[in-house]
Structures are given as C-alpha cells and as structure tokens.
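Per the UniProt record's numbering: the sequence shown = residues 1 to 285. All C-beta atoms in this analysis are idealised placements derived from N, C-alpha and C, irrespective of residue type, glycine included. Just so you know, these numbers come straight off a predicted model, no measurement behind them.
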Amino acid sequence: VECALDAGEGRDCCAYAVNLRAHTRVRAATDERDEPGLTLSDYMRLPVSQYVDVPLPLGATMARLGEGTVRTATASETRDETFELTIPGLKFFSLEVAPVITVRVRCLGDEETVETWHGRAWDEGVDGEAEVKAGRRPETRRAAMRGPCVLIEIISAKVEGKLVESLGLNDMFVNRGTTAFRWRSIGDGSLDGPALTRTGFVDDEDAASEKESEGACIMGWTDIGVGVDPPGPFAKVPKGVSQRVGDAVLGTTLRVLQSVFVGGLAQDYQRWAYDEEYRSERAKH
C-alpha cells in the first residue's frame, strides 16, 4: 500500500492493510474556586505527574515511567513526562488483547505551538479525495497544536495476550494518537474567551458548541489511529468488516476512558482547590 506520508520515525497507519480510527470529544464542568493560585487554570498547569492520581475505568492502569526533557514555555519551565497505560480485555472478533501504551505528556504554554499526529487531516498538498477513493484514511504528523493545553502523544504501543506471541502481532501493527485537554477558567481569562477548539486555533472546525462553552470546564479531544496487518485467519476477513469492527471497539473504549478520566480530573481539581491537606500532599509529587 502506498503511503501519502513521509516515512519519518517508524511506519504510519496507512502503511498497513487495515487502518482504524476513533475520535472523541468530552466535557466535564467543575465548580471553580475564584482565588489566586487555586483556579482551574492553576490546576491544569501543575506538573503532569498528577495524572497518576486520576482513576481509570475498565481495569485500566497508568504508571509514571520517568521525566523527560525540560522545556521553557512562556517564561516558565515545564517537564515532559512519560507514562505507561495498560487497558485489559479489548476484544476484536475472537482475539482478546491488552494494549500497553507508552505516552508522552506535556503542558504547552500560552501560544507555544508544536506539530503532532492527527488522524482526520491530510498533509498539505495531498489530494484527499483521491486518497479516499483509493481506500486510504487521513493522517498527518504535521498538525499544529497551540497552547495552553495538556498534550498527550502515543510514543509506542504493544499488546499482550494468549495468542499475541504465536501470531507475531506486535510486529504487525502501529498505534498513533493524540489527546488535548483544554479548559475554561477565570484564572487566565479563558472563561470569557472564544470557544475552545481542539488545536487552539479559532478557525478550527472541531470547536466546542455554545452550550459547551458555558462555565468553568475541562474539555478533551482524542484521535487514535491503528494500522494493522491482520495475522493468521484474521487476514481473510474483508477489510471493510475489519475496519468497522475495529473502529467500533476503539471508539467505545475511548469514549468510556476519556469520559471517566476528564470527569476524574474535574473532581480532583475541586478536591485540590478546597482541601488544603490534599493540596499539600499533591505538591510532593
């Protein structure tokens, strides 16, 4: 299969026989404390190591692996962190696997812009209509993302399970993905600002609705892409069927994970804002 993307580091989803996609957007309102240093904006700009404290559904776990590079963003230093996310019991047809995903988490400062993966856009100059007719799905590694936001990017992924090794599945797939968490807060003036968007640019079509833009809240956008060469007997399943089933499994799991996680962030913020003892304990991270 020809790929419209540059090879870059590792293969892209379009280089595989089956190309899966999932996208979610979720919102959680919160009771914001209007006090300097205790606003939602202050909380969301804390060191990203905080995420190990947020509960996950479906038996999923998140473990901190270590600290990454220190970057200077808008007159302050922010440290990238890496985490390992394990999601047990995903079932594709009769094959059950447990994805183990390594992610990088970083807080982008005001106006800080980076390029990242996106599964619903083409590279500039690519004829999207021709690619779709050829049975390919969009993706680019050059999507601009502007802060302030918390950006989570998949670095690598593997799967565990009874048949994984015998099928050689870890040599047959790639997992790409990004999550952007944004907020509306009195602390940085965003409460009265324009609608939140996935990329942080006002002309982004993936924007919060008027209703979603009311009050203090956290919003999360996630795009996941999986490229896979189906192993063994699964290779006989028609591509269209594999993609429909795969999209459904990914989409359902992603919606549950992100809804609970963003809701957990909102609840954790309220505890952090109003519970001084908890706040002091969190500061030790």
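- Within the same chain, Cβ atoms closer than 6 Å to the Cβ of Arg106 are found at Asp80, Leu151, the five residues on either side in sequence being excluded.
- An exposed status is given to Val52, since fewer than 16 other beta-carbon atoms sit within 10 Å of its beta-carbon.
- When rounded, the separation of the alpha-carbon atoms in Leu191 and Ala29 is 12 Å.
- A direct Cα-to-Cα measurement between Pro57 and Arg104 gives close to 20 Å.
- Within the same chain, and ignoring the five residues on either side of Phe93 in sequence, the residues whose Cβ sits closer than 8 Å to its Cβ are Phe234, Val237, Val245.
- When secondary structure is reduced to three states using DSSP, Leu196 falls in the coil class, being assigned neither helix nor strand.
- Shown here, Ala248 sits in a helix according to DSSP, grouped into three states.
- Taking C-beta atoms under 8 Å as the contact rule, Gly125 and Glu139 fail to qualify, at a distance of about 14 Å.
- Contact between Met172 and Pro99 does not hold, since their C-beta atoms are separated by about 14 Å, which reaches or exceeds 8 Å.
- Secondary structure note for Met172: it is in no alpha helix (DSSP H), with a DSSP letter that is neither H nor E.
- The beta carbon of Glu96 lies closer than 8 Å to those of Gly89, Leu90, Gly161, Lys162 in the same chain, with the five residues before and after it left out.
- Straight across, the Cα-Cα distance linking Val54 with Thr82 is about 15 Å.
- In the DSSP assignment, Glu115 falls within the unbroken beta strand (DSSP E) covering 113–118.
- In the same chain as Arg64, and ignoring 5 residues on each side of it, the C-beta atoms closer than 7 Å to its own belong to Ser49, Val52, Glu81, Phe83, in chain order.
- In this structure, DSSP gives Lys133 a helical state, which the three-state scheme calls helix.
- Taking the Cα of Pro36 as reference, the smallest distance to any Cα among Gly187, Tyr269, Lys284, Asp229 is reached at Gly187.
- When the beta-carbon positions are compared, Gly227 and Tyr16 come within less than 8 Å of each other.
- Using a 10 angstroms sphere on the CB of Tyr274, the tally of other CB atoms stays under 16, which defines it as exposed.
- Going by C-alpha positions, Glu115 is about 16 Å away from Phe181.
- Burial state of Ser156 is exposed, judged by a 10 Å Cβ sphere holding fewer than 16 other Cβ atoms.
- Looking at the backbone, the Cα of Ser209 and that of Gly220 are separated by about 13 Å.
- The beta carbons of Asp223 and Gly263 sit about 20 Å from each other, so the pair does not count as a contact at 8 Å.
- Bridge pairing for Asp204: absent [DSSP].
- Under the DSSP assignment, Asp42 falls in the alpha helix (DSSP H) whose first and last residues are 40–44.
- Between Ser213 and Glu32 the beta-carbon gap is near 15 Å, outside 8 Å, which marks them as no contact.
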